[in-house]
Structure formats: structure tokens, C-alpha cells
Amino acid sequence: MSSWIPLWLHKLGSPPTFYRFAGTLRPWAMGLALLLGAIALYGGLVLAPADYQQGDAYRIIFIHVPSAWMSMFIYAVMGVASFIALVWRIKLAEVVAMESAPIGAAFTFITLVTGSLWGKPMWGTWWTWDARLTSELVLLFLYLGVIGLYHAFEDRRQGARAAAFLAIIGIINVPIVHFSVNWWNTLHQGSTVNIFGKSKMSWDMLWPLLTMMLATKFYYVASLFNRVRTDLLALEGGKDWVRKIAEDEAKS
Amino acid sequence: MNRPGVATACAAMLRRDLTLAWRRRGDIAMPVLYALIVTMLFPFALGPEDTLLQRIAGGVVLVTVLLAMLLALDAMFSSDIEDGSLEQLVLAPQPLALMLGMKILAHWLTTALPLIVIAPLLAAMLHLPGAVIPVLLLALLLATPLLSLLGAVLVALTAGTRRSGMLLALMLLPLCMPAVIFAAGAVAAAQQGLPWLAPIAWLAAALVLAVVLAPLACAAALRIALDA
């Protein structure tokens, strides 16, 4: 059955294999994230021309927009991992879902802070009850709810399963919240960058943005792998492979 | 031995929960008193001008009812978990989702219905025009079951934890934002003399969706939380 899934993918689900795999990949992901981030920052802050209307203040989008994309992307990853964890009870999926939540919450927080820094000179206010701002705030609370529920249980695996269920409820609710606040109040501009069809943005400004998007993705991978490795060691504390790692560490 | 039918089991469940609630009548009065006192605080905090109070009345009543329900939500399953009857319910041959639906209905009847009954009084304390009160009641009649259903799922999720009061608020409030928006939207539209049917219809649609899905989700959540 399901022979179309290659064997190495099955093997990756086992904690010791994933521990080694993540350990090899993590430095590369972190290196790429730093390199691409530096290029994107140079391109965005130095090379890209100033906006004809907003001057230099628009440059905060090189942080703001990639963070906003990540805040939603990580929620989607968390939702998929939660679904896998609940349906097939794979331990690794539980860990991935739960360790994604703090990273996603951090990106959401960065989005809100940079947005409000930009809003002060542009809209003349730090905060306004606009639809997109409000949905982002709700997203932050959803992340915090998942983190809170996970830590409320004494048994970590049970906490992970309960929080995974909450994450899935959140996924169903996010479009409803987004739609209802849209109906309620809107001030934020529509999206400028489109995957389908032409983007309404000059290439000089677009390439640093896309590079930064890649950098944040790699940063997420690096950070997630690091957190998952730590969590796996803690979860599998009594197993042989962890003891072997501890013994090797003690020898060197 | 013939097994009692689903309808009999539902009726028994409902009767049991209502009897239990009736034996402790004092608890039913608590959310009502809480809502009265919170509403009373607003004129003190904002000043007793009629025009200002009139403008915020609908929203204040909605949020007060929501908070009063949130306080009572914690108790939905707690006594049943303590004496183990919830585990028996999980093991019972009748579908768990249906039984939980009955528990949610009983909980709504004992906490939300008294709040809806005194809602006109709360609205009158803040000088909401009499013509708007039927719309407010309609919005409450649709929004409170929605909150009970959503809340039940989250209460079931926290069933295995000890401290859950604040956590429940953190999880529930973002999820119930659409209900607040549409209920308050209907009241505000009625107050300005605009058509208010559209937000009410959205609330009703959401309620239909929740009535179907929430008991199933509640059952799944309870199985996760009790599976220690």
C-alpha cells in the first residue's frame, strides 16, 4: 500500500533519523538565511529607489511584508502538521506543529510592530481598527492560544494533541474572521504583489522583497529544526539513541 | 435486554442536566447578577450622558452577555469530570456528539436564556431605544447558542487541565469575534434605521454550521482530552 511514498520519507518520521537529518541541514539553512537576508537588506535599503509618494519610509515593507507572509505560511504548516499528528499520531508531526507556533507568533508580532511603525508617518496613527490589522491581531491570539493550551497539560503529548486540534479549529475560523472584519471596516491597501498576473511593483523594489521572503523561509527552517532537535531529545530522554548522543558529548 | 433509543437517551440527558441545574438555583442567578453589575459600571465610568450611553448600549450589552457566558462556561463539564460520569458518557453506546449536544443545550438554557431575559433591562439601563430591543434580542438569540457551541469545544479541549479559566478566554475570544461583529452590526444598523436583516442572516448561517459541526468537534476534543 502507498508505495508511491519513497522509503526515505518514511524513515524521516523516526526521531533519531530526523535528528541527524535536521542537524546536517540546519547550518546550511541558517547560512543561506543570513546571506540572502543581507543581500535583501542591501538591495532594499540601499539599491532600491525611494518611492515617489512615501519617500524612504516605504522601505519597512522589506521586513513587514515577508513577516506577514511567514505569519500565515507558518500557520498553514502548523495546521497541516497538526492534521497529520491527529490522524496518524506521528510524534514528529506533533513536535513540528508545536515548535512552529512560537516562531509564527514571533513573525506575527514583528508584522504588527513594523506595521504600526510605518502607520505612524503614513496614516498618522500607530493603530487603527482596520480589517487586515485586526485579522493579524486575531492570528497572534490564535498562536498564543495554541501555545498556552500546549503548556497547560502536564503530559506533553496529550497537550500537543489538544493544541493541534485547536490549531485546526483556528484554520477553519481564520477565513471567517478575515471575511467578517473585511465586511466590518477596511483601510489597508490591497495586495500589490500577485502570484497570478502582473505585480504592481517595480522590479527594483520587487527583487529585494522576494529575496527577503526566501531568507525568512530559510530562517524558519533553521529555527524550527533547532527547536525540534531539542524537543526530540527531551521527549525521547530514556531511549538508547539519546543516551548514545549524551555519551559521545561527554567523551569529547 | 433492549437498549433505550436515542430519543429516550437525549431526553434523559436533558432532564438530568436541567434537574442538576435546578437543584443549584443560586448558580443560575450568578451570571445574571454579574451582567447587571457590569452594565451598571459603564454609566459611572463614562458619565451619565444619554446620547453617549445610547450610542454604546448595544455593544455593551453584547459584550457583557459574552463575558457572563464565558464565566459560566468553565462549569459546563467540570462536575461531570470530577465524579466520572463524563467517562461513562464516552463509553455509552449512544453517539457521544448527540449526548454532548444535549449537554450544551441544557447549559444554554440555564445560563444564556436568563441573560437574554434580562437583556431588555440592561438595554433600558443604557437608554437603548425601545424599537431596537427586538433586534437586540434576535441577535442575542442567535449569537449566544453560537458562543455556547464554540465554547463547549474549547472547554472539552481543556478538560484534562487543572487551571483553565484565563486560558479559555484567550482561546475563545478570538474565535467568537465574527459573532460579535455581526450581532453588533445588526443592532447598530437597526439603531440608525438601516436594514438589519443581512447580519442577522449571517449569524443564523453560522449558527446552522455550528449546530452541525460543534457537537462532533466537541466529542473529538473530549476524546483527546480524556485519553491520558
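Here the protein sequences come in this chain order: A and B. The first sequence begins at 413 in our numbering and counts up by one. The second sequence begins at 198 in our numbering and counts up by one. Think of the CB as a built atom: it goes at the ideal place given N, C-alpha and C, for glycine as much as any other residue.
Where the alpha helix (DSSP H) through residue i begins and ends
i         : result
Ile397(B) : 394 to 423
Glu566(A) : First-last for Glu566(A): undefined, no H or E at that position.
Met296(B) : 293 to 304
Tyr231(B) : 222 to 243
Ile473(A) : 473 to 500
Lys663(A) : 652 to 663
Gln388(B) : 374 to 388
Ser426(A) : From DSSP, Ser426(A) is part of no alpha helix (DSSP H); its letter is neither H nor E.
Gly531(A) : 503 to 535
Ala289(B) : No alpha helix (DSSP H) holds Ala289(B); DSSP gives it neither H nor E.
Arg639(A) : 615 to 647
Thr341(B) : 330 to 354
Leu312(B) : 310 to 322
Val258(B) : 247 to 270
Residue i versus residue j: straight-line alpha-carbon distance, rounded
i         : j         : result
Val384(B) : Ala320(B) : 11 Å
Met617(A) : Ala460(A) : 6 Å
Leu622(A) : Gly256(B) : 43 Å
Leu545(A) : Ser528(A) : 9 Å
Val235(B) : Leu259(B) : 12 Å
Trp420(A) : Thr429(A) : 10 Å
Val633(A) : Ser426(A) : 18 Å
Ala662(A) : Gly649(A) : 16 Å
Pro620(A) : Leu444(A) : 15 Å
Leu323(B) : Asp247(B) : 8 Å
Asp277(B) : Leu283(B) : 5 Å
Leu524(A) : Ala395(B) : 32 Å
Ala564(A) : Arg359(B) : 8 Å
Ala232(B) : Gly327(B) : 20 Å
Asp463(A) : Val332(B) : 49 Å
Ser479(A) : Gly382(B) : 32 Å
Arg252(B) : Leu318(B) : 16 Å
Arg449(A) : Phe474(A) : Reading the sequence as shown, one finds Gly at residue 449(A) and not Arg. Going by the C-alpha atoms only, they are around 10 Å apart.
Leu578(A) : Pro245(B) : 42 Å
Arg569(A) : Ala576(A) : 10 Å
Ala242(B) : Ile397(B) : 31 Å
Any C-beta of chain B under 8 Å from that of residue i
i         : result
Ile486(A) : no
Gln465(A) : no
Arg544(A) : no
Ala564(A) : yes
Gly557(A) : yes
Leu524(A) : no
Ile502(A) : no
Val550(A) : yes
Ile496(A) : no
Ile657(A) : no
Ile515(A) : no
Ile581(A) : yes
Residue i: CB within 7 Å of a non-hydrogen atom of the ligand GDP
i         : result
Ile225(B) : This structure simply doesn't include the ligand GDP, nor any ligand for that matter.
Test: residue i CB closer than 8 Å to a CB of chain A
i         : result
Asp424(B) : yes
Gly244(B) : no
Thr308(B) : no
Thr358(B) : yes
Ala383(B) : no
Ala418(B) : yes
Leu364(B) : yes
Ala402(B) : no
Ala386(B) : no
Leu414(B) : Looking at the sequence shown, residue 414(B) is not Leu but Ala. Closer than 8 Å: yes.
Which residues DSSP lists as bridging residue i, in chain order
i         : result
Asp463(A) : Gly467(A)
Chain-ordered neighbours of residue i on chain B, where CB pairs are closer than 7 Å
i         : result
Arg573(A) : Ile421
Asn585(A) : Leu372
Leu578(A) : Leu354, Met368
Ile588(A) : Pro375
Under 8 Å by beta carbon: chain A residues contacting residue i
i         : result
Gly348(B) : Those within 8 Å of Gly348(B) in chain A number zero; the least Cβ separation is about 12 Å.
Thr355(B) : Leu561, Ala564, Ala574
Phe379(B) : Ser592
Partners in chain A for residue i, counting only beta-carbon separations shorter than 9 Å
i         : result
Met273(B) : By Cβ distance, chain A contributes nothing, its closest Cβ being about 16 Å from Met273(B), past 9 Å.
Chain A contact residues for residue i, given Cβ-Cβ distances below 7 Å
i         : result
Leu293(B) : Residues of chain A passing the Cβ test: none, with the nearest at roughly 15 Å.
Ala340(B) : What Ala340(B) touches in chain A: nothing, since even the nearest Cβ is about 13 Å away.
Per-residue contacts from residue i into chain B (C-beta, under 8 Å)
i         : result
Phe553(A) : Leu367, Leu370, Pro371
Contacts of residue i in chain B (Cβ-Cβ under 9 Å)
i         : result
Val508(A) : Neighbours of Val508(A) on chain B: none; closest Cβ ~18 Å, over 9 Å.
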